[in-house]
Structure formats: structure tokens, C-alpha cells
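Q: Dropping a structure here in C-alpha cells format, bear with me for questions.
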Amino acid sequence: EVTSRGSQTAIPCLFMRGGTSRGPFFDARRLPDDPGVRDAVLLAVMGSPDPRQIDGVGGAHPLTSKIGLVRPATDAAHDLEWTFAQVQPGAEDVDTSSNCGNMLAAVLPFAVETGMVTPSGDRTTARVLTRNTGMVAEITVATPAGPSGERYVSYEGPVRIDGVPGSAAPIEIAFLDTAGSVAGSLLPTGRVRDTVEVPGTGSVDVTLIDNGQPLAIVAAERLGATGYETPAQIDADEDLRARVEALRLVCGEAMGLGDVTERNYPKMTLVAPPRDGGTLSTRSLIPRVCHQSIGVLAAVTAATASVLEGTVAHHVAAAVSGTDPTVCVEHPSGALDVILGRDPEDPRRITRSALLRTARLLMAGDVLVPRSVWDPA
Ligand code: NQM
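Residue numbers (the working numbering): 394 to 770.
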């Protein structure tokens, strides 16, 4: 179904913002089956491994170097399947081993735009299976009827999310069974807190946790930071980043993730007491540069840690109450509210988490790659 345009192959593509991230979305069925060819195509689309991604559509930052691959589900329990692909601008690797809750916000809009899902009323809900981690999310978008009666995804609405200018239509995401997405279990070491030995830094108390995103949570203070720095200040602080990276490698091993040198996780989360009326303050490194806000599943995981007694996050967090507490995760450009659903029998078990995002279709058309990349034979 792909077409040629001179010396290049044209691949149908929607370019979308999902939450505070952005990238090209594809119908997964229209990409090469061979994983090696597919990855070469995706790298060519983005312009990696050039760190500026000048010969592609990537935005030269991890948050704008993300890709969504969507297809109708192959079983009756789900409506859609999606695979998230992270390309680090300067690297040659297409990492599909973890998830992205921001890009996930654009999956259902993409599916409606491309006819994979037919809107059923003013609001359309779909169950989306994330193939990266096996996680299921229930997503609801606004699908009003146009003048001719045909329904469309509306991107206009009153919802503001910190990190994105203006307001947009709400996209509700309810995450189910997020625990152990990559690390196998919520607390992969079996403990709420571990003390690890880090070359150059000494003993560091961390909470190693995965409720949708593997995180190593550390008190900002312990690494000589305040936890209230701007992302630019953190990115400019080579010493701090070296300490964080040394800690990350040790935490990766401790979490059973092996050598994480080339991986995008664990995300390093520096925590401090809340400053703006929230539950806790965060600075998230993804994993080597600082996030402008915080990843969605990283926020769900940090929120989960903040309600578990004994964790490094709980130690600095303000108290929250109720069986389904709202945890307000402060980040460099504002805050993100996560509603946690606790198991009434076992309050340490978080069975559901929910939050609001927005998304927008930015461009529709074809993305072009050299034909020799698409068809290397
Ligand atoms: O943790 C960035 C993002 C993310 C991931 C990152 C995310 C999540 O903000 O669910 O959303 O941590 O690399 O897009």
C-alpha cells in the first residue's frame, strides 16, 4: 500500500501531540514486518542517530523523539493495540521495552482519525493494550457530531495540562494492572527502601518501584540538589548528572534490569517536599536529561510510592487521605493529579490509576524515507 515518490517511499503518517510529548503515529500494519527493517525505517523517519535529527522529523529531545504504532486489537478483550517506540536522538536504538503514558493519549484520537475506531456517541471509550508492557488502559475522548451528523474527535475544550500552552478537550486515561510493567513487580527488590553503594557517592537510600514505569526514587538533597531546580539547571550540572547516572546503573542492577547503560530506564526521580500545595515535588531524568514536566506513568509510579509507608517518596510527601486518594505530583512546569484506586482489602495494592491528558492532531500526510531504507534488498 505504500507508494513511491521519486527515490523515496511515502508512508502514511499522522503527526500528533500526546500529552507533553509529540511524534509520528503509524498504522502498524503498514510498516515493514521485519523488525530490523522497521527500526531502520523509524530511525530514518526521526533523523537519528544525528543528535539534532536534522534529516528527519524528530525534535532533538527525548520528549519529541517518540513514535506511536497502532493497530486494531487481535482479541475480543481489547479494541486497539499500540506499541510505543522511544528513539534517543543521538542513538541508533529503537527501544520498545517501556511505555509512554503521554503518547498513549493520542492513540484513540489516531484510531478515530484513521477509521480504526468508529465513534459511538458524544464520548467514545476504547480499551487499549500496550504491547510493550502488556498494560491495559481505558481511554475516553470527546467525539461530538458535526453538521452532517458524522462524529469526529474534538480537540477543543477547557482542560489545561501543565507543560502544554492553552486548553484542549479532555482525554481520560484509566490505567489497569500497571504494577511491574518492566521490572516484573511493584517493588522488584521486595522492599520499600534499599540502600545502594554508588561509586563516588557512597551509600544512597532509594525506592525502586514500577507501577507503570520503572523508577529509582532518591531524595534530591542526598545528591546535593534541592529538587526545585529548573530542567536547564539540571541539564547544565554535569557533576549532578554524573552522580545520577552512576546511581542509575547501580539501581538498574538492583531492580533486576541488568546493565541499563543503553536503556531508557529506570527513570531517575529526585524528590523533595511539595512547594506549591501538592503532595510531593519531582524532577525526573529520562534518564539522562531532565523532563520538562514528568512522564504520565512515571507520575503514577511516583504517586504510588508517595502513599506507601517507608518509601523515600513517602518520607518527603504531604499526607493524602481516603481509599482513592488524589496525589498531586509537582514537576518543573506545574503539577499532575493522579487518582489512585486502592484495594480495600490491601491498601498497599493500587488496582487502578486515572488522570486527564489532552492531545492534538498536528499534521496529516506521508513521511518520506529513502527507498533503500524501506526496501534494503
Ligand atoms: O512515563 C517521558 C513522557 C515520558 C514518558 C519519559 C511517559 C510516562 O512524558 O508514561 O509519559 O519518561 O521518557 O512522554
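The C-beta atom is built at its ideal place from N, Cα and C for all residues, glycine as well. Small disclaimer: the values here were computed from a predicted structure and weren't measured.
Please report the Cβ distance between VAL722 and GLY671, rounded to the nearest whole angstrom; I am assuming they are in contact, meaning their Cβ atoms lie under 8 Å.
A: Confirmed, about 7 Å.
Q: Could you round the C-beta distance between ASP603 and ALA576 to whole angstroms and report it? I think they count as a contact, below 8 Å.
A: 4 Å
Q: Let's see if you can read the secondary structure: which residues bound the alpha helix (DSSP H) around LEU633?
A: Run containing LEU633: 631-647, per the alpha helix (DSSP H) assignment.
Q: Which value, in whole angstroms, describes the spacing of the CA atoms of ARG668 and SER726?
A: 13 Å
Q: Using CA atoms only, rank isn't needed, just tell me which of VAL450, ALA484 and LEU497 is closest to LEU473.
A: Closest in C-alpha terms to LEU473, from the list VAL450, ALA484 and LEU497, comes LEU497.
Q: Can you check the segment 577-629 for any beta strand (DSSP E) of at least 3 residues that lies completely inside it and give the ranges in chain order?
A: 587-591, 595-603 and 607-612
Q: Tell me the residue span of the alpha helix (DSSP H) that contains VAL552.
A: It is not in any alpha helix (DSSP H) - VAL552 carries neither H nor E in the DSSP assignment.
Q: Among LEU462, VAL585 and GLY411, which residue has its Cα nearest to the Cα of ASP432?
A: LEU462
Q: Do you know how far the Cα of ALA403 is from the Cα of ASP759?
A: Those two C-alpha atoms are separated by around 5 Å.
Q: Return the residue from the list THR467, GLY494 and ILE447 that minimises the CA-CA distance to ALA747.
A: GLY494
Q: Label SER574 either buried or exposed according to how many other C-beta atoms from any shown protein chain fall within 10 Å of its C-beta, with 16 as the threshold for buried.
A: buried
Q: What is the residue span of the beta strand (DSSP E) that GLY727 lies within?
A: 727-736
Q: Is any non-hydrogen atom of the ligand NQM found closer than 7 Å to the C-beta of ASN492, if you look at the structure I gave you?
A: yes
Q: Go through the segment 435-492 residue by residue and report every complete run of the beta strand (DSSP E) that reaches 3 residues or more, in order.
A: Counting whole runs of 3 or more residues, the segment 435-492 contains the beta strand (DSSP E) stretches 459-465 and 473-480.
Q: Going by other Cβ atoms of all chains shown within 10 Å of its Cβ, with 16 needed for buried, is ILE774 buried or exposed?
A: Residue numbering for the chain in the displayed model covers 394 to 770; residue 774 lies beyond these limits and cannot be assessed.
Q: So does GLY803 have its beta carbon nearer than 7 Å to some heavy atom of the ligand NQM?
A: An answer regarding residue 803 cannot be provided, because it is not within the stretch 394 to 770 covered by the chain.
Q: Is it right to say MET528 is buried, meaning 16 or more other beta carbons lie within 10 angstroms of its own, or is it exposed?
A: buried
Q: How many whole angstroms separate the CB atoms of THR751 and VAL557, which I take to be in contact at a CB cut-off of 8 Å?
A: 7 Å
Q: How far does the alpha helix (DSSP H) with ARG398 in it reach, from first residue to last?
A: Careful: ARG398 lies outside any alpha helix (DSSP H), inside the beta strand (DSSP E) at 396-398.
Q: Could you check the C-alpha separation between ASP730 and THR396 for me, to the nearest Å?
A: 44 Å
Q: What number of angstroms, rounded off, separates the C-alpha of THR523 from the C-alpha of GLY440?
A: 25 Å
Q: Distance check for ARG634 and ASP468, CA to CA, integer angstroms please.
A: 44 Å
Q: Between the Cα of MET756 and those of LEU690, ALA618, PRO417 and LEU501, spot the shortest distance and give me the residue it belongs to.
A: PRO417
Q: Considering just the uninterrupted stretch of the beta strand (DSSP E) at MET409, what are its terminal residues?
A: 401-411
Q: Check the Cβ-Cβ distances between SER513 and every residue of chain B, and say whether any is below 8 Å.
A: Checking the listed chains, one finds no chain B in this structure; it contains a single protein chain.
Q: What first and last residue would you give for the beta strand (DSSP E) that runs through SER574?
A: Element bounds for SER574: n/a, residue is neither H nor E.
Q: Could you spell out where the beta strand (DSSP E) holding MET756 opens and where it closes?
A: 752-763
Q: In the segment 691-726, which residue ranges form an unbroken alpha helix (DSSP H) of at least 4 residues, counting only runs that do not cross its ends?
A: 705-709
Q: Tell me, which residues are paired with SER746 by DSSP?
A: PHE568 and LEU733
Q: Taking the C-alpha atoms as reference points, what is the distance between ASP652 and VAL643?
A: Roughly 9 Å separates the two Cα atoms.
Q: Contact check, SER686 vs VAL720 under 8 Å by CB: the rounded distance?
A: At roughly 15 Å, the Cβ-Cβ gap does not stay under 8 Å, so SER686 and VAL720 are not in contact.
Q: Can you say whether SER541 is buried or exposed, counting buried as having 16 or more other CB atoms within 10 angstroms of its CB?
A: Around the C-beta of SER541, fewer than 16 other C-beta atoms lie within 10 Å, and the residue is accordingly described as exposed.
Q: Where does LEU650 sit, in a helix, a strand or coil, going by DSSP?
A: coil
Q: Counting beta carbon pairs with one atom in the segment 692-710 and one in the segment 605-614, are three or more of them shorter than 8 Å?
A: yes
Q: Is ALA334 near the ligand NQM, in the sense that its beta carbon is under 7 Å from a heavy atom of that ligand?
A: Since the displayed the chain opens at 394 and closes at 770, residue 334 lies outside it and no answer follows.
Q: In chain order, what residues of the same chain have a beta carbon less than 8 Å from the beta carbon of ARG398, not counting five sequence neighbours either side?
A: ASP759 and LEU761
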